[in-house]
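Take the sequence shown: its letter number 168 is residue 167 in numbering that gives the first Met the number 0, and every next letter is one higher. Quick reminder that beta carbons are idealized off the backbone N, C-alpha and C, glycines included. Source: prediction; values computed, not measured. In what follows, a structure is listed as structure tokens, so that the remarks can point back to it.
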Amino acid sequence: MYRKALVLPDENPEEVVAEHHHQADFEAENIRHLATLWQSPIIVTTAVQFFETIASNHPSKLRKLHELPGSAVFVDETHAAIPNTLWPQTWKWLKELAERWQCHFVLASGSLPRFWELRDMIDVPEKLSDLVDQELRQRALRYEQKRVSPLRYPDVLDIEGLLRILDSTPGPRLVIMNTVQSAAVVADRIAKKLYGENYAININTSSVLHLSTSLAPKDREVIVKTVERRLGLPFSDLNRDFTLVATSCVEAGLDFSFRSAFRQRASISSLIQVGGRVRRRNEDFNSVLIDFKIEDRLINRHPAFTLSSQILERLFDENKVGADSPSDLVTEALRRELMSDTNGTYKLIQQKEIDGDYPEVARLYNVISENTTLVVIDSSLIQKLERGEKVTPRELNRGSVQIWTNKLIKTCAFPIEGLPGIFGWPEEDYDRLFLGYMKGMLRLLMTELEGGGVI
């Protein structure tokens, strides 16, 4: 999209707009050429890359920091960019970059907390001018309440219980799970229920689709285009009635409009964002948006949502969800989360920054709490790397995934010879149009549950 809009006829699109999906900042000299160094006029990167670069004390990340002064930085979906406990120190860095290094920041979100007003977070709270008056804000809130109203499912579900609810709800349906594993487990269970144990998915006609970071970027693009096309079919077309099982990667930046949506309990901002994928164009049907809790032996928990999900439950108890404005809800949730930060993480980061203990700042400032490892899933790309042929950062990013480093030993991944820190993935254990690398992972998980293991 950026290349189509911004590149002139005689320019090389990949030189003008560089994309950097992964944290592929390699240390070994023989693979440093694979890192993207923010040298293009326009860089499209992730929040993890951007914010952890600012916080880092390590040469592999900081070697691109000098490109930042004088830049304009657009942080899309700011509400989900970093954990809330990181915002107090991050806000100080952004202000310093703006005031001393001529940077310009645009923070964009449909559910942006007004953190600059919170005394718990900002030394000197600020009051920014509202772009719209109070009357218009109230009219917009009333319209939003008519378009979609979130409900809380009263009972804790298991997978079969979730499937029964999906069967009774009109499509197209969106189900968002908290982890890559959970999304794959639910999608796999639906596919087996519909098509049997040895199913084969045709993405153009299947009643279930799957989208998460278990798929490489180039394969996610195919699924996104398929979903967009099928959502645009006439209401009478049977191929419009399907279920997309996904992770939070669909909560932002995608122009999807479903009739029904289900969000595993995570946070108020996530629930609001999912609401933006329901009846998005004010279609002529009644919408469904349900927050639910689920427990099952293959559903793994996301530790980052422990506190925010508890706060969401309390907001439901207080009848605030659906009644208060999205901005008020997410700001209140942020305030409660900072007050509940029993470890004092955000205060500790600020103190270490004042003390000049930058290694400790980098250690504490984790956008993602665990390290991931680059795993190449494209077999032709693996062969090129093994032969020592040149691979561009774009090729590497589009043909690879990230897997938790602490889980790598239990997977099918294998080291690529001569390239420390980069792994490959067996072609037969990757499903490019459905489960991605979770095809191989689910098989190993089931073996483990049945008493086996990985040798």
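Given residue i, which residues of its chain have a CB within under 7 Å of its CB, disregarding the five upstream and five downstream residues?
i: Val-453; result: A caution first: Val-453 carries a pLDDT of 47, below 50, which makes its placement in the model too unreliable to give a value.
i: Trp-92; result: Ile-53
i: Glu-294; result: Val-155 and Asp-157
i: Ser-308; result: Arg-264, Ala-265 and Ser-266
i: Pro-12; result: Arg-2 and Val-6
i: Ala-71; result: His-103
i: Glu-10; result: none
i: Leu-193; result: Ser-206 and Val-207
i: Glu-317; result: none
Taking the continuous alpha helix (DSSP H) assigned at residue i, which residues delimit it?
i: Gly-160; result: 158-166
i: Lys-351; result: 344-354
i: Asp-327; result: 325-338
i: Thr-446; result: 437-448
i: Lys-319; result: Note, Lys-319: premise wrong, no alpha helix (DSSP H); not H, not E.
i: Val-179; result: 179-194
i: Val-374; result: No alpha helix (DSSP H) holds Val-374; the beta strand (DSSP E) holding it covers 371-375.
i: Leu-363; result: 357-363
i: Ala-4; result: 1-5
i: Ser-59; result: 58-61
Going by beta carbon distance, what residues of the same chain come within less than 8 Å of residue i, once the five residues before and after it are set aside?
i: Gly-69; result: Trp-100, Gln-101 and Cys-102
i: Thr-204; result: Asn-238
i: Tyr-1; result: Val-16, Ile-41 and Val-43
i: Leu-230; result: Pro-171, Arg-239, Phe-255, Ser-256 and Phe-257
i: Ile-222; result: Ile-202, Leu-208, His-209, Leu-210, Leu-214 and Leu-432
i: Glu-385; result: Ile-415, Glu-416 and Gly-417
i: Cys-248; result: Leu-210, Ser-211, Thr-212 and Arg-219
i: Phe-50; result: Ala-80, Ile-81, Leu-85, Thr-89, Tyr-364 and Val-366
i: Val-375; result: Ile-381, Leu-384, Leu-395, Gly-398, Ser-399, Ile-415, Ile-421, Phe-422, Gly-423 and Trp-424
i: Arg-141; result: none
i: Glu-14; result: Ser-39
i: Gly-387; result: Gly-417
Near residue i, what residues of its chain come up, given a Cβ to Cβ distance below 6 Å and the 5 sequence neighbours on each side ignored?
i: Val-105; result: Phe-73
i: Asn-83; result: Leu-333 and Glu-336
i: Arg-280; result: Ser-256
i: Gly-439; result: Cys-411 and Asp-428
i: Leu-96; result: Cys-102
i: Ala-328; result: A quick correction: the sequence has Leu, not Ala, at residue 328. Once the five neighbours on either side are set aside, the close Cβ partners of Leu-328 are Ile-267.
i: Val-184; result: Leu-297
Give me the residue from the options with the minimum Cα distance to residue i.
i: Thr-372; options: Asn-281, Leu-5 and Trp-403; result: Trp-403
i: Pro-169; options: Arg-262, Phe-257 and Asn-299; result: Phe-257
i: Phe-422; options: Phe-433, Asn-405, Leu-441 and Ser-399; result: Ser-399
i: Asp-290; options: Gln-38, Trp-86, Glu-125 and Phe-315; result: Phe-315
i: Pro-392; options: Asn-11, His-19 and Lys-3; result: His-19
i: Thr-77; options: Ala-71, His-65 and Ala-107; result: Ala-107
i: Leu-430; options: Ser-324, Lys-217 and Gln-88; result: According to the sequence as given, residue 430 is Asp; it is not Leu. The residue with the shortest Cα to Cα distance from Asp-430 is Lys-217.
i: Arg-296; options: Trp-115, Ile-81 and Leu-441; result: Leu-441
i: Phe-261; options: Leu-64, Ala-251 and Leu-288; result: Leu-288
i: Gly-435; options: Gln-401, Leu-448 and Lys-145; result: Gln-401
i: His-501; options: Lys-383, Glu-331, Trp-37 and Leu-347; result: Because the chain here runs from 0 to 454, residue 501 falls outside it and cannot be looked at.
i: Gly-109; options: Glu-143, Leu-127 and Leu-395; result: Glu-143
i: Thr-330; options: Ile-348, Arg-118 and Asn-177; result: Arg-118
i: Ala-46; options: Asp-75, Leu-67 and Lys-63; result: Asp-75
i: Met-338; options: Asn-285, Lys-94, Arg-138 and Met-120; result: Met-120
i: Val-179; options: Gln-137, Leu-448, Arg-138 and Lys-406; result: Lys-406
i: Pro-153; options: Pro-325, Lys-292, Glu-447 and Lys-94; result: Lys-292
i: Ser-128; options: Ala-139, Glu-116 and Asp-122; result: Glu-116
i: Ser-378; options: Glu-426, Thr-344 and Gln-349; result: Glu-426
i: Leu-135; options: Ser-324, Leu-161, Lys-351 and Asn-370; result: Ser-324
i: Leu-181; options: Glu-125, Ala-139 and Thr-246; result: Checking the sequence, you will find Ser at residue 181 rather than Leu. Ranking the options by Cα distance to Ser-181, first place goes to Thr-246.
What residue range is occupied by the uninterrupted beta strand (DSSP E) comprising residue i?
i: Ala-71; result: 71-74
i: Gly-423; result: 421-423
i: Ile-41; result: 41-44
i: Glu-18; result: 16-19
i: Ile-267; result: No beta strand (DSSP E) contains Ile-267, which is instead part of the alpha helix (DSSP H) from 267-274.
i: Arg-288; result: Before going further, note that residue 288 is Leu rather than Arg in the sequence given. Leu-288 -> beta strand (DSSP E) spans 287-293.
i: Leu-210; result: 207-210
Any heavy atom of the ligand COA inside 6 Å of the beta-carbon of residue i?
i: Ile-293; result: Questions concerning the ligand COA fall outside what the structure shown contains, since it holds no ligand whatsoever.
Worksheet entry | Three-pair Cβ contact test at 8 Å for the segment 273-288 versus the segment 147-157 | As far as the Cβ criterion goes, the segment 273-288 touches the segment 147-157, which means the pair count is three or higher.
Worksheet item: So, do the segment 413-427 and the segment 183-203 have three or more beta carbon pairs nearer to each other than 8 Å?
Response: no
Worksheet entry | Inside the segment 92-174 only - alpha helix (DSSP H) runs reaching at least 4 residues | Listed in chain order, the complete alpha helix (DSSP H) runs (minimum 4 residues) inside the segment 92-174 are 133-146 and 158-166.
Discussion item. Could you check whether the segment 167-175 touches the segment 240-260, counting it as contact only if at least three pairs of C-beta atoms, one from each stretch, sit closer than 8 Å?
Written reply: Yes: the two stretches touch, three or more of their Cβ pairs being nearer than 8 Å.
Worksheet item: Does the segment 256-272 come close enough to the segment 300-314 that 3 or more CB-CB pairs lie under 8 Å?
Response: Taking 8 Å as the limit for Cβ pairs, the verdict is that the segment 256-272 does touch the segment 300-314.
Worksheet item: Which runs of the beta strand (DSSP E), 3 residues or longer, sit entirely within the segment 229-263?
Response: 242-245 and 259-263
Worksheet item: Does the segment 194-212 touch the segment 350-363, meaning 3 or more C-beta pairs lie closer than 8 Å?
Response: Not touching, per the Cβ criterion.
Worksheet item: Considering only residues of the segment 385-414, which uninterrupted alpha helix (DSSP H) runs meet the minimum length of 4 residues and lie entirely inside it, listed in chain order?
Response: The qualifying runs are 392-397.
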